[in-house]
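J.: Here the UniProt record's numbering is used: position 93 in the sequence shown is 93, and no number is missing along the way. Every residue gets a Cβ at the ideal spot worked out from N, C-alpha and C, and that includes glycine. Quick caveat: nothing in here was measured; it's all calculated off a predicted structure. My questions will all concern the structure given below.
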Amino acid sequence: MRALAPEGRARDLKSIFETGSSHARLEREENKLIGAVDIGGTKIAVGMVDDDGRVLARRECPTDPERGYANALANIREMLRATAAAANTQISGIGIGSTGPLFALTGEFGDVNFFPNWKGENPVNDLANIFQVKAAMENDGDAAALGEAGWGAGRNKQRLMYVTLGTGIGTGFIADGQLYRGVDASHPEVGHHLIDPSGPPCVCGFRGCWESMAAGPAMADWLKNEAPANYPHREDLTAKRICELARAGDAWAKRAVDRETYYLGLGLANLVTIFAPDAIVLGGSIMKSADLFLDGIRKIIHESCRLVPSDRTELTLASLGEDSNLIGAARVWHHRFAGEGGPRGH
Ligand SMILES: [Zn+2]
Numbered sequence: 001m002r003a004l005a006p007e008g009r010a011r012d013l014k015s016i017f018e019t020g021s022s023h024a025r026l027e028r029e030e031n032k033l034i035g036a037v038d039i040g041g042t043k044i045a046v047g048m049v050d051d052d053g054r055v056l057a058r059r060e061c062p063t064d065p066e067r068g069y070a071n072a073l074a075n076i077r078e079m080l081r082a083t084a085a086a087a088n089t090q091i092s093g094i095g096i097g098s099t100g101p102l103f104a105l106t107g108e109f110g111d112v113n114f115f116p117n118w119k120g121e122n123p124v125n126d127l128a129n130i131f132q133v134k135a136a137m138e139n140d141g142d143a144a145a146l147g148e149a150g151w152g153a154g155r156n157k158q159r160l161m162y163v164t165l166g167t168g169i170g171t172g173f174i175a176d177g178q179l180y181r182g183v184d185a186s187h188p189e190v191g192h193h194l195i196d197p198s199g200p201p202c203v204c205g206f207r208g209c210w211e212s213m214a215a216g217p218a219m220a221d222w223l224k225n226e227a228p229a230n231y232p233h234r235e236d237l238t239a240k241r242i243c244e245l246a247r248a249g250d251a252w253a254k255r256a257v258d259r260e261t262y263y264l265g266l267g268l269a270n271l272v273t274i275f276a277p278d279a280i281v282l283g284g285s286i287m288k289s290a291d292l293f294l295d296g297i298r299k300i301i302h303e304s305c306r307l308v309p310s311d312r313t314e315l316t317l318a319s320l321g322e323d324s325n326l327i328g329a330a331r332v333w334h335h336r337f338a339g340e341g342g343p344r345g346h
C-alpha cells in the first residue's frame, strides 16, 4: 500500500522555483509546460505542469458561477498568464478537468449542477483561441484518472479504475492507456450506481446510489439522524471530523465509520466484479483517513467477489497529492494530443 504523498513533489519543486535556483531553471528549459485548469463547484485552480507531471506554479480563485461564465473565463485567462509568468515560460497547450456533465470531444459544458447557466459555453475553444494552442477538456474524474495512470499510482496498470471519495464520488476508467467513453463520448457515472433502493434520492434519478450512500455528506447525515439528541458533536459534523472522533474513541463516530466502510466496500466490490481491473486507485478527502476503512473494504471484496480473481486487483491510494486534479488536467492534454507532435507520450 502506498502512503499518500503528504505534500507531494510538486510542492517541493514549486518552492525551489520560487527561490529561482539554477536547478529549476534547467528543468524549465527542458520541459514544455501545459497550462492546467481544474474547474470545480467552489473553486477554479490553474497551474503550469511539466511533462513529468510536476506543478511549477499554481493559482486559484472562487468559481463564483453566479457571476457568469465570462467572469470565470477572464479569471482563468489571467491565472494562466500569471502562472506562465511565474514559471517564466510559454504555454504549450491547455488541459482542463471540470465537474460535469460536459461534452469532452466538443469542449462544451452540459447541464452542470453547480453552474447551470454555463450550459453550451465552450472553454476549450475559448482558451485555444486566446492562447493560440491546442486545448482539451475531460470530466474531472477522468482527468484525475489520467493523471494517476500517467504519472501516479496507476502507472503500468493496463486496466485502471480511479475512484475519488469526497463530497461526491467521481470515477474514471482507463484501459490500455485509453479513457473508456460511453455513447456520444459520455462519461459513465460509476459513482451513481445503485447500492440500496431504500436509500435517499439523488439528482441522478436513483434512490440510494453509491454517492448518496457513501460520499462524505452521507456519512455526516447518517450520524446526525441516528445519534441521540444529546450527542455532543452534532455541530459541524463532516466526514473528516467523524474520522477524528472515531480515532478518539467516540462510539457513534466509530459506528459511522463502520457503516461508511460497508458502503464503500459494497461499491468497490461491485467495480471489482464488473470490471476486474488490474488496480483501483483511491483518492479524495475521505481517503486521507484510509487506514480506518481499507481493511474492512478488503474483507468485503474478498468475501463478495468470488467469480473474479479479486485478489489480483490491487487496491491502492492515489499518489499525486493535493494537486492531483490539476496534474490530471494537464494529462488530459497529453492523452488527447500525444502522438500529434506533442511531448513524449509516456
Ligand atoms: Zn446519484
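#1: Can you give me the Cβ contacts of I44 inside the same chain, cut-off strictly under 8 Å, excluding the 5 residues immediately before and after it?
#2: Going by alpha carbons, who is nearest to M48 out of A70, N88 and N129?
#3: Can you pull every residue whose C-beta falls closer than 7 Å to some heavy atom of ligand 1, listed in chain order?
#4: Exposed or buried, D176, counting other C-beta atoms within 10 Å across all chains shown (16 or more means buried)?
#5: Report the rounded CA-to-CA distance for S198 versus W118, giving the unit in angstroms.
#6: Which residue's Cα is closest to the Cα of A253: T106, F275, P228 and L271?
#7: Identify whether R58 lies in helix, strand or coil by the three-state DSSP scheme.
#8: For the alpha helix (DSSP H) containing V163, name the first residue and the last one.
#9: Can you list, in chain order, the residues of its chain whose CB lies under 6 Å from that of G93, leaving out five sequence neighbours each side?
#10: Go through the stretch 215-250 residue by residue and report every complete run of the beta strand (DSSP E) that reaches 3 residues or more, in order.
#11: Does the distance from the C-beta atom of G166 to that of G216 stay below 8 Å?
#12: Have a look at the DSSP bridge pairing and note the partners of E314.
#13: Which of the three DSSP states is assigned to L102 in this structure?
#14: Which residues in the same chain have their Cβ closer than 6 Å to the Cβ of F131, if we skip the five residues on either side of it in sequence?
T.: To lay it out plainly:
#1: If you ignore the 5 residues before and after I44, its C-beta comes within less than 8 Å of the C-beta of V37, D38, E60, C61, P62, T63, A72, N75, I76 and M79, all in its own chain and listed in chain order.
#2: When only C-alpha atoms are compared, the closest one is N88.
#3: In chain order, the residues positioned with their C-beta nearer than 7 Å to some heavy atom of ligand 1 are H192, C202, V203, C204, F206, C209, E211 and S212.
#4: Exposed.
#5: Near 34 Å, if we compare the C-alpha coordinates of W118 and S198.
#6: The option with the nearest alpha carbon to A253 is P228.
#7: Under the three-state reduction of DSSP output, R58 falls in the strand class.
#8: Looking at the DSSP string, V163 is not in any alpha helix (DSSP H); the run it does join, the beta strand (DSSP E), is R159 to L165.
#9: Counting only Cβ-Cβ distances below 6 Å, and skipping sequence neighbours, we find I34, V133, K134 and W333.
#10: Segments of the beta strand (DSSP E) lying fully in the stretch 215-250: there are none.
#11: With contacts defined as CB atoms closer than 8 Å, G166 and G216 qualify as a contacting pair.
#12: As DSSP reads the structure, E314 sits in a beta bridge with A279.
#13: Assignment of L102 by DSSP, reduced to helix, strand and coil, places it in the strand class.
#14: Same-chain partners within the cutoff: I91.
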